[in-house]
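Notes to accompany the following structure.
Number of protein chains: 2
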Amino acid sequence: MTRSTPLNRSTVLDAARDLFAAQGYRGTSMKDVATALDVRAPSLYNHVDSKQDMLFAIMDAAMDRALGALDEALRGVDDEAEQLRLATESLVLDFLRHPAEVTICNVEVRSLDHATRPAIIAKRDRYARRVRSIIDAGCASGRFATATPQLAAYAVLELGNGAKSWFASGGPLTGQQVATAYGEFALLVVQDAGH
Amino acid sequence: MTRSTPLNRSTVLDAARDLFAAQGYRGTSMKDVATALDVRAPSLYNHVDSKQDMLFAIMDAAMDRALGALDEALRGVDDEAEQLRLATESLVLDFLRHPAEVTICNVEVRSLDHATRPAIIAKRDRYARRVRSIIDAGCASGRFATATPQLAAYAVLELGNGAKSWFASGGPLTGQQVATAYGEFALLVVQDAGH
DNA sequence: CCTACCGATCGGTAGG
DNA sequence: CCTACCGATCGGTAGG
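If you read the sequences in order, they're chains A and B.
Residues 75 to 269, numbered by this note's numbering, are exactly what the first sequence covers, in order.
Residues 75 to 269, numbered by this note's numbering, are exactly what the second sequence covers, in order.
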């Protein structure tokens, strides 16, 4: 009888990801990760340097993936309204497809070593700044009409979490249907009431 | 020289709250809490039963406070649009005034004992259901016009987190200004695009 | 990949 | 309110 999953860096990180998301970084032991893979804890160190190494690798890859998806979604699109809609859909779909990574990125920044935390924060800020700059550009061109563009940006960035919560609660819509609805919400948020 | 803060259940819970919010429940030791109060760890047990007791007490009180604030905000208000605006403002102001408790309620449900977790989940669901029922009522009366009322409810519930993030980043507006803006956003979200 | 083991820290108790 | 201490568990290493 062979092991259900081969043991390598990728499968170790996948197991750690699921446990970190469900129980938290501090609430997960190396033994927990090893047990999920049906090995003993010391064996993990053949594939990862440390528990902290796993956390950073998971978060860094998740941020790169989200940033790449945003780039891809916006490629060749000039209209600010279309940019905002597509950016929101990209964000929502990323949250729905990768809820474990997103939970970890939201919660475990505080568990990162002081040495590596700034690198993750920088990528998170880059993501936020892209959304904010779409909204600012739309306000400058007159395409959007909100008096509080900064607040609108934070509201839009939070929509992914709303979609994730809804999806986790077992709602019946497909991911694309949810993403489409939230893309519409984002466009509404950048319009002042009454317009 | 006397101690800066008197030691009683209330001050112990306040210290635990700040540390749980900043470092997480599992990332905070009884010694950490005791050190913040300038005593030794065993002394805490004169005021609380256990670490788990502190977590539950903090979360339960926070949920009761939020539910009470929502009741207060909606008292005597019949129009669904005004209800949704006031509910959103109440939610946002609660998030801005009590960011530590809100962070704990968002993150540490998984750290609750299996025996006490359902009680907290029930209160959180009660809160969500009130917001959802406002939106459903507004859709039924024709006051709102969204094709996806369930998704709108999750989006509105998430707005408080957006406000909290924005506030934590050092934005220059007052809490009431942020709450007012997010109250407007909520009303926009329950209108279909183009209406 | 394993067993055996390290020092450190954990929540909590005894007993005053 | 303290000191002293308990068993359990932690991340990680030695050595094969």
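Even glycine gets a Cβ: it sits at the ideal position worked out from N, Cα and C.
Compute the Euclidean distance between the alpha carbons of residue i and residue j, then round it to the nearest angstrom.
{"i": "A/Gln-224", "j": "A/Glu-154", "result": "16 Å"}
{"i": "A/Ser-215", "j": "B/Arg-100", "result": "48 Å"}
{"i": "A/Ser-103", "j": "A/Arg-91", "result": "12 Å"}
{"i": "B/Leu-43", "j": "B/Leu-141", "result": "Since the first residue of chain B shown is 75 and the last is 269, residue 43 of chain B is not available in this structure."}
{"i": "A/Tyr-119", "j": "A/Phe-94", "result": "18 Å"}
{"i": "B/Glu-182", "j": "B/Glu-232", "result": "17 Å"}
{"i": "B/Arg-203", "j": "B/Tyr-256", "result": "19 Å"}
{"i": "B/Tyr-201", "j": "A/Ala-143", "result": "34 Å"}
{"i": "A/Asp-266", "j": "B/Val-263", "result": "12 Å"}
{"i": "B/Ser-243", "j": "A/Ser-78", "result": "45 Å"}
{"i": "A/Asp-187", "j": "B/Gly-212", "result": "48 Å"}
{"i": "A/Gln-250", "j": "A/Leu-170", "result": "9 Å"}
{"i": "B/Lys-105", "j": "B/Arg-184", "result": "22 Å"}
{"i": "A/Gln-97", "j": "A/Asn-235", "result": "18 Å"}
{"i": "B/Ala-196", "j": "A/Asp-152", "result": "46 Å"}
So, for residue i: in the same chain, excluding its five sequence neighbours on each side, which residues have a beta-carbon less than 7 Å away from its beta-carbon?
{"i": "B/Arg-217", "result": "Glu-154 and Ala-155"}
{"i": "B/Arg-83", "result": "His-121 and Val-122"}
{"i": "B/Ala-89", "result": "Val-107, Ala-110 and Leu-111"}
{"i": "A/His-269", "result": "With a pLDDT of only 47 at A/His-269, under 50, the local geometry of the prediction cannot be trusted, and the value read off the model is given with reservation. Counting only Cβ-Cβ distances below 7 Å, and skipping sequence neighbours, we find Ala-219."}
{"i": "A/Leu-261", "result": "Ala-155, Leu-158 and Arg-159"}
{"i": "A/Phe-259", "result": "Leu-233"}
Could you give the residue range of the alpha helix (DSSP H) that holds residue i?
{"i": "A/Asp-138", "result": "125-148"}
{"i": "B/Pro-102", "result": "Before going further, note that residue 102 of chain B is Thr rather than Pro in the sequence given. No alpha helix (DSSP H) holds B/Thr-102; DSSP gives it neither H nor E."}
{"i": "A/Ser-185", "result": "Premise fails: A/Ser-185 is in no alpha helix (DSSP H) and is neither H nor E."}
{"i": "A/Arg-200", "result": "191-215"}
{"i": "A/Asn-82", "result": "No alpha helix (DSSP H) holds A/Asn-82; DSSP gives it neither H nor E."}
{"i": "B/Ile-255", "result": "Inspection of the sequence shows that residue 255 of chain B is occupied by Ala rather than by Ile. Looking at the DSSP string, the run of the alpha helix (DSSP H) that includes B/Ala-255 is 249-263."}
{"i": "B/Leu-165", "result": "154-171"}
{"i": "B/Asn-120", "result": "First-last for B/Asn-120: undefined, no H or E at that position."}
{"i": "A/Phe-218", "result": "Unbroken run through A/Phe-218: none, as it is neither H nor E."}
Which residues of chain A have a Cβ atom closer than 8 Å to the Cβ of residue i, listed in chain order?
{"i": "B/Glu-232", "result": "Glu-232, Leu-233, Asn-235, Gly-236 and Ser-239"}
Going along chain B, which residues have a C-beta under 8 Å from residue i?
{"i": "A/Gln-157", "result": "Those do not exist, as A/Gln-157 stays about 16 Å from chain B at its closest Cβ, beyond 8 Å."}
{"i": "A/Gln-250", "result": "Chain B residues near A/Gln-250: none, gap ~13 Å exceeds 8 Å."}
In chain A, what lies closer than 7 Å to residue i by C-beta?
{"i": "B/Ala-255", "result": "Thr-222 and Leu-225"}
{"i": "B/Leu-262", "result": "Leu-262, Val-263, Gln-265 and Ala-267"}
{"i": "B/Phe-259", "result": "Ala-229 and Val-263"}
Keeping to the same chain, check which residues put their C-beta closer than 6 Å to that of residue i; ignore five residues upstream and five downstream.
{"i": "B/Pro-173", "result": "Lys-238"}
{"i": "B/Arg-206", "result": "Ala-227"}
{"i": "B/Pro-25", "result": "Residue 25 of chain B lies beyond the stretch modelled for chain B, which goes from 75 to 269, so this question has no answer here."}
{"i": "A/Arg-139", "result": "none"}
{"i": "B/Phe-130", "result": "Thr-190"}
Applying a beta-carbon distance threshold of less than 9 Å, which residues of chain A neighbour residue i?
{"i": "B/Val-181", "result": "Gly-98, Asn-180 and Val-181"}
{"i": "B/Gly-142", "result": "By Cβ distance, chain A contributes nothing, its closest Cβ being about 23 Å from B/Gly-142, past 9 Å."}
{"i": "B/Arg-184", "result": "Ala-96, Gln-97, Gly-98 and Gly-101"}
{"i": "B/Gly-245", "result": "Gln-224, Leu-225 and Tyr-228"}
Spatial neighbours of residue i within its chain, please: CB distance less than 8 Å, with the 5 preceding and 5 following residues excluded, ordered by chain position.
{"i": "B/Ala-147", "result": "Leu-160, Ala-161, Glu-163 and Ser-164"}
{"i": "A/Ala-136", "result": "His-172, Glu-175, Val-176, Ile-178 and Cys-179"}
{"i": "B/Trp-240", "result": "Val-252"}
{"i": "A/Ile-132", "result": "Leu-87, Ala-90, Arg-91, Phe-94, Glu-175 and Ile-178"}
How would you list, in chain order, the residues of chain B whose beta-carbon sits under 7 Å from the beta-carbon of residue i?
{"i": "A/Gly-216", "result": "Correct list: empty, because the minimum Cβ distance to chain B is about 18 Å."}
Closer than 6 Å to a non-hydrogen atom of the ligand GTP - does that hold for the CB of residue i?
{"i": "A/Leu-262", "result": "Within the structure as shown, the ligand GTP is missing, as the structure has no ligands at all."}
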